[in-house]
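Before any comments, here is the structure.
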Amino acid sequence: MAKELTEREKAIMEAQRFVTIPEPDYSQMSIDEIRKRTEYMESAFKLAFEIDEEDEDEDDDDDDL
Numbered sequence: 015m016a017k018e019l020t021e022r023e024k025a026i027m028e029a030q031r032f033v034t035i036p037e038p039d040y041s042q043m044s045i046d047e048i049r050k051r052t053e054y055m056e057s058a059f060k061l062a063f064e065i066d067e068e069d070e071d072e073d074d075d076d077d078d079l
């Protein structure tokens, strides 16, 4: 039977969706620190790759050339 993951293991797995160099030392972080770091990385990722509707409209105009 598969071992159920602890809350800490789940938080670390969630945090590892984002690649960072160097990789953080999760052994030195609390669960709350891991979760906050993951939330920060998610919001930074969304902000960095966010596309506004206005930008999409401008890109559509370029296709007509």
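First residue of the sequence shown: 15, per the working numbering; consecutive thereafter. Note that CB positions come from ideal geometry on N, CA and C, so glycine has one too.
Item, Value
"Start and end residues, alpha helix (DSSP H) containing D46", "45–62"
"Best match in E18, R22, E64 for proximity to Q42 [C-alpha to C-alpha]", "R22"
"Same chain only: Cβ atoms within 6 angstroms of E98, ignoring 5 sequence neighbours per side", "With the chain covering 15 to 79 only, the question about residue 98 has no answer from this structure."
"Residue interval of the alpha helix (DSSP H) (run including I35)", "Looking at the DSSP string, I35 is not in any alpha helix (DSSP H), and its letter there is neither H nor E."
"Simplified DSSP assignment, three categories, for E21", "helix"
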